[in-house]
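First the structure, in the form of structure tokens, and then the observations on it.
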Amino acid sequence: MIGQDHSPGSLDLRDPRSVIDTLRRGAEANRDASCRQGSIDVIRGPGRLIATGDLHDNPLHLARLAELAELPLNLAGVPDSEEAPGEGLCHSGIGCHLTLHELIHSDRLVDGMDFSYRVLTRIAALKTFAPERVHVLLANHELSQIIGAGVIKNGVRCTEAFNQAIDYTFDEDAVVVHEAVADFIRSMPLAMRVESDRGDVLCAHSLPAPGMMQRFDPGILSRELTEDDYIPREGSAHLMVWGRGYDAEQIEDLVERWGVSLFVLGHEHAPSGINVVEPCAVVLNSDHERGVYLPIDLDDPPSIHEASLAVRPLRG
1 MIGQDHSPGS LDLRDPRSVI DTLRRGAEAN RDASCRQGSI DVIRGPGRLI ATGDLHDNPL
61 HLARLAELAE LPLNLAGVPD SEEAPGEGLC HSGIGCHLTL HELIHSDRLV DGMDFSYRVL
121 TRIAALKTFA PERVHVLLAN HELSQIIGAG VIKNGVRCTE AFNQAIDYTF DEDAVVVHEA
181 VADFIRSMPL AMRVESDRGD VLCAHSLPAP GMMQRFDPGI LSRELTEDDY IPREGSAHLM
241 VWGRGYDAEQ IEDLVERWGV SLFVLGHEHA PSGINVVEPC AVVLNSDHER GVYLPIDLDD
301 PPSIHEASLA VRPLRG
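In structure tokens, the structure reads:
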């Protein structure tokens, strides 16, 4: 039943039926979780949130995040026999939430193929296991994958490399796996909002670029997503997950429109793991060796400056 934690099951990432079923269940969990309101997830305290930036199929960091959120490490790709990668953060697990986004398109290719469908499947399993605590946010690489838009990263055509890995692995079943991948991605919320008496926090992959605000529908957070929202350079979901270069004036406008005190974002490169964007946004990276996460007390969310001091490394 969606809405409560499930016991983890087996996950065979080479078996098409296992992958398809896991992705379909993850899509159902995204849509049917009680925290889903319109196009976003909404949560309140008590409890903690582990907020993250881009992941890009970093297996060590996914394992660390799963351990911190007290989620099954075997579903995150850590064998049962291995020790947990560190001391837990939440201890009770009941009120410990985790955001995840920009999951796919790894730098670690095999014969030019990107097998990050596997991390997508693992995270679908984690979402099914804890639908009210795991929040898988739509990002530009996932959206590009399902609309067929080209993404080039370090000279690699990412969407093609991802497709080739699925075709190679699943052969005649590849078409159905591609469909299940698309179903899971289309089910992802655009953002997650923390409601608090001390100010709301919005976790999202990005915000629209300032020059795109006239095309952007700010009401998208309170309604269901439509196919038009995914249209490149026109749809509001596309504009939001691809946006860069936001400035103080734009952020202040969105603060007023959305009633948000802090934005926790990804998408842009942060060499130290975090960039601060005044007046109230932080950009996190969780994929590289200096990647970080931000623990947030849901009843007492931080200011932008408190957040910049509270981030923790995912390694060391």
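The numbering used here applies: residue 1 is where the sequence shown begins, and numbers increase by one.
Every residue, glycine too, gets a C-beta built ideally from N, C-alpha and C.
Asked: Thinking R198 and P301 are a contact (beta carbons under 8 Å), I'd like their distance in whole angstroms, please.; Found: 6 Å
Asked: E142 and M192 - do their beta-carbons sit closer together than 8 Å?; Found: no
Asked: Using CA atoms only, rank isn't needed, just tell me which of G273, G259, E195, T159 is closest to G219.; Found: G259
Asked: Since I50 contacts V201 with CB under 8 Å, what's their CB separation in whole angstroms?; Found: Not a contact, Cβ separation roughly 13 Å.
Asked: Alpha carbon to alpha carbon, how far is L239 from I274? Give it in angstroms, no decimals.; Found: 22 Å
Asked: Among the residues of its own chain, which have a CB less than 6 Å from the CB of P59, if the five just before and after it don't count?; Found: G77
Asked: Go to D228, then tell me how far its alpha helix (DSSP H) extends in each direction, as first and last residue.; Found: Segment: none, D228 is in no alpha helix (DSSP H) and carries neither H nor E.
Asked: Classify I40 as helix, strand or coil using the three-state DSSP reduction.; Found: strand
Asked: Tell me the rounded alpha-carbon separation between D111 and Q164.; Found: 10 Å
Asked: Measure the C-alpha to C-alpha separation of A69 and L98 and round it to an integer number of angstroms.; Found: 6 Å
Asked: Quick check on D41 - is its C-beta less than 8 Å from some C-beta in chain D?; Found: Within the model displayed, chain D is absent; a lone protein chain is all it includes.
Asked: Is there contact between the segment 170–185 and the segment 10–20, where contact requires at least three CB pairs shorter than 8 Å?; Found: yes
Asked: Does the Cβ-Cβ distance between L138 and H205 come in under 8 Å?; Found: yes
Asked: Do L11 and A71 come within 8 Å of each other at the CB atom, strictly closer than that value?; Found: The question names Ala, but residue 71 is Leu in the sequence shown. The answer is no: Cβ separation not under 8 Å.
Asked: Just tell me which of A27, L23, R31, D41 has its CA closest to the CA of L221.; Found: D41
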